[in-house]
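If you count the sequence shown from 1, position 24 lands on 24 in this note's numbering, and the numbers rise without skipping.
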Amino acid sequence: MPDSLFFPRLSHHGGAGGVTGSCHRLQISDDRALLVDCGLFQGQDADHVDGFEQLKVTFPVDDVLALVVTHVHIDHIGRLPYLLAAGYHGPIICSVPSSRLLPLVIEDALKIGFTRDRALIERFLAEVEGHLVALDYREWHTLVDDDRHRVRVRLQRAGHILGSCYVEVDTLDRESGERHRTLFSGDLGAPYAPLLPAPNPPWGCDTLVLESTYGDRCHEDRRHRRARLKAAIDRALANGGTVVIPAFSIGRTQELLYEMETLIHQAGSRRSRELEIIVDSPLAARFTAVYRELRPWWDAEAHARLRAGRHPLSFENLYTVDSHEEHERTVEYLAESHRPRW
Ligand SMILES: [Zn+2]
1 MPDSLFFPRL
11 SHHGGAGGVT
21 GSCHRLQISD
31 DRALLVDCGL
41 FQGQDADHVD
51 GFEQLKVTFP
61 VDDVLALVVT
71 HVHIDHIGRL
81 PYLLAAGYHG
91 PIICSVPSSR
101 LLPLVIEDAL
111 KIGFTRDRAL
121 IERFLAEVEG
131 HLVALDYREW
141 HTLVDDDRHR
151 VRVRLQRAGH
161 ILGSCYVEVD
171 TLDRESGERH
181 RTLFSGDLGA
191 PYAPLLPAPN
201 PPWGCDTLVL
211 ESTYGDRCHE
221 DRRHRRARLK
231 AAIDRALANG
241 GTVVIPAFSI
251 GRTQELLYEM
261 ETLIHQAGSR
271 RSRELEIIVD
281 SPLAARFTAV
291 YRELRPWWDA
301 EAHARLRAGR
311 HPLSFENLYT
321 VDSHEEHERT
331 VEYLAESHRP
341 RW
């Protein structure tokens with residue numbers, strides 16, 4: 001039986017048996033492979049593995065044609081520095097918005113896990129940026145087309161965070177004439193998420209690699225979530241309190257800001273305009289700034305708001321905290337003043 005019948009073949013180096021550390025390898029032939037995501041293990045997935053051991057890249061990298069990144073959450077790209085350290089120098093393929101957001105995440109990961117040496121960080125980021133290949137959604141990109149294979153990838157909107165995608169990989173084995181479409185879901189969002197156009201469902205595939213972090217839970221719909229947010233804001237307005245929301249810096253913070261602008265706009269009252277909203281995370285603040293610049297990728301609803309003269313993500317009462325000193329000053333200020341805030 002010819003070897004080619006066993007290809008393409010999948011192996012998982014994270015994101016299987018747990019929900020973080022996503023890293024999938026599609027073996028196209030003995031000497032050609034494709035990598036989808038290279039994330040960090042977090043939470044429970046990281047607990048049972050010894051520190052550096054889990055970060056080591058234990059698979060070969062010299063046969064990897066490309067790394068495709070579904071989105072820039074750390075559990076999908078956090079092992080990128082280790083991949084480069086292991087000798088990977090191929091393209092890092094992602095969507096256009098992800099190509100803008102990815103260096104920020106990697107910079108943060110380097111500062112936390114590796115070094116605070118600015119020159120070293122700059123050098124590393126320049127290296128990463130040199131490898132980035134930004135693709136438009138829905139456009140096929142050919143990775144290899146020779147007498148052995150044709151391998152193409154296409155990114156489709158996944159509705160999870162700005163720039164997120166699921167990945168379709170088409171492989172054609174020229175010797176056997178066999179075609180195969182493999183689809184990697186990455187993290188998928190629900191329709192009607194704030195700011196994001198709804199995901200495009202795929203037409204079909206031969207093999208589906210589906211991530212299901214919240215596969216065992218039913219999410220509340222957006223209307224109910226917004227009503228709960230409103231109830232908390234109303235309470236803060238009534239009792240001059242502070243509402244603290246722990247939120248992921250990338251995606252979740254910007255969704256919350258967008259929904260808060262909605263509520264403030266709908267309330268229209270002087271008191272709710274006085275509500276101060278503080279983003280106490282330099283990373284979240286930097287992301288919010290880039291999210292604003294990426295408005296061509298926002299959904300139709302957000303664009304309608306812009307046309308109506310509103311400013312989702314940059315309204316009047318929004319303050320961002322950029323440093324630890326500023327954080328300490330903010331905490332003092334919160335303790336002393338009695339104004340409602342988030
Ligand atoms: Zn994610």
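Note that beta-carbon positions come from the ideal geometry of N, C-alpha and C, so glycine has one too.
Bear in mind the structure is a predicted one, so any value in this text is a computation, not a measurement.
Ligand 1 and residue i: does any heavy atom of the ligand fall closer than 7 Å to the residue's C-beta?
i: His160; result: yes
i: Asp108; result: no
i: His73; result: yes
i: Asp37; result: no
i: Asp221; result: no
i: His24; result: no
i: Asp187; result: yes
i: His131; result: no
i: His180; result: no
i: His76; result: yes
Consult DSSP for residue i and reduce its assignment to one of helix, strand or coil.
i: Glu349; result: Shown here, the chain extends from 1 to 342; a query on residue 349 therefore has no answer.
i: Ile264; result: helix
i: Arg295; result: helix
i: Ala134; result: strand
i: Ser337; result: coil
i: Ser22; result: coil
i: Ser99; result: helix
i: Asp3; result: A caution first: Asp3 carries a pLDDT of 49, below 50, which makes its placement in the model unreliable, though a value can still be read off. In this structure, Asp3 counts as helix in the three-state DSSP scheme.
i: Leu313; result: coil
i: Ala238; result: helix
i: Leu84; result: helix
i: Asp173; result: strand
i: His89; result: coil
i: Ile233; result: helix
i: Lys125; result: Note that residue 125 is Leu in the sequence shown, not Lys. DSSP places Leu125 in helix when its eight states are reduced to three.
i: Thr207; result: strand
i: Ile161; result: coil
i: Val290; result: helix
i: Leu65; result: strand
Provide the residue span of the beta strand (DSSP E) that contains residue i, from first to last.
i: His71; result: Run containing His71: none; DSSP gives neither H nor E here.
i: Ala304; result: Premise fails: Ala304 lies in the alpha helix (DSSP H), 300 to 307, not in any beta strand (DSSP E).
i: Ile245; result: Segment: none, Ile245 is in no beta strand (DSSP E) and carries neither H nor E.
i: Phe114; result: Here Phe114 belongs to no beta strand (DSSP E), and DSSP marks it neither H nor E.
i: Thr182; result: 179 to 184
i: Ser11; result: 9 to 12
i: Leu34; result: 32 to 36
i: Leu143; result: 141 to 145
i: Arg150; result: 149 to 157
i: Val279; result: 277 to 279
i: Leu318; result: 318 to 320
Report the option in the options whose CA atom is closest to the CA atom of residue i.
i: Val371; options: Asp234, Glu211, Arg79, Pro191; result: In the structure displayed, the chain extends from 1 to 342; residue 371 sits before or after that span and is not available.
i: Leu349; options: Ala247, Arg222, Lys111; result: Given that the chain is displayed from residue 1 to residue 342, the structure contains no residue 349 and the question cannot be resolved.
i: Lys56; options: Ser29, Gly78, Val128, Leu229; result: Gly78
i: Glu255; options: Asp31, Gly159, His89; result: Gly159
i: Lys230; options: Leu80, Glu293, Leu26, Glu261; result: Glu261
i: Val69; options: Ala190, Arg179, Gly163; result: Gly163
i: Gln266; options: Phe114, Leu132, Ser323, Ile233; result: Ile233
i: Glu349; options: Glu293, Ser281, Ser314; result: Outside the shown range of the chain (1 to 342) lies residue 349, about which nothing can therefore be said.
i: Leu237; options: Ile250, Arg181, Ile277, Val144; result: Ile277
i: Glu129; options: Arg154, Val153, Ile112, Pro81; result: Pro81
i: Leu40; options: Asp173, Asp75, Leu34; result: Asp75
i: Phe7; options: Thr20, Gly21, Arg25; result: Arg25
i: Leu143; options: Val209, Pro91, Asp173; result: Pro91
i: His327; options: Ala285, Ala289, Ala304; result: Ala285
i: Gly268; options: Ala247, Arg310, Ile93, Leu306; result: Arg310
i: Thr288; options: Tyr258, Asp187, Ala300; result: Tyr258
i: Leu84; options: Tyr291, Leu67, Arg150; result: Leu67
i: Leu135; options: Ala304, Ser99, Val64; result: Ser99
i: Asp146; options: Ser323, Ala308, Arg32; result: Arg32
i: Gly189; options: Glu293, Leu132, Glu127, Pro199; result: Pro199
What is the residue span of the alpha helix (DSSP H) that residue i lies within?
i: Leu196; result: Looking at the DSSP string, Leu196 is not in any alpha helix (DSSP H), and its letter there is neither H nor E.
How should residue i be labelled, buried or exposed, when 16 other C-beta atoms within 10 angstroms of its C-beta is the threshold for buried?
i: Glu336; result: exposed
i: Thr171; result: buried
i: Arg9; result: exposed
i: Arg329; result: exposed
i: Leu120; result: exposed
i: Phe114; result: exposed
i: Tyr333; result: exposed
i: Cys218; result: exposed
i: Trp298; result: buried
i: Pro296; result: exposed
i: Thr58; result: exposed
i: Leu155; result: buried
i: Pro246; result: exposed
Are the C-beta atoms of residue i and some chain D residue less than 8 Å apart?
i: Leu294; result: The structure shown contains no chain D, having only a single protein chain.
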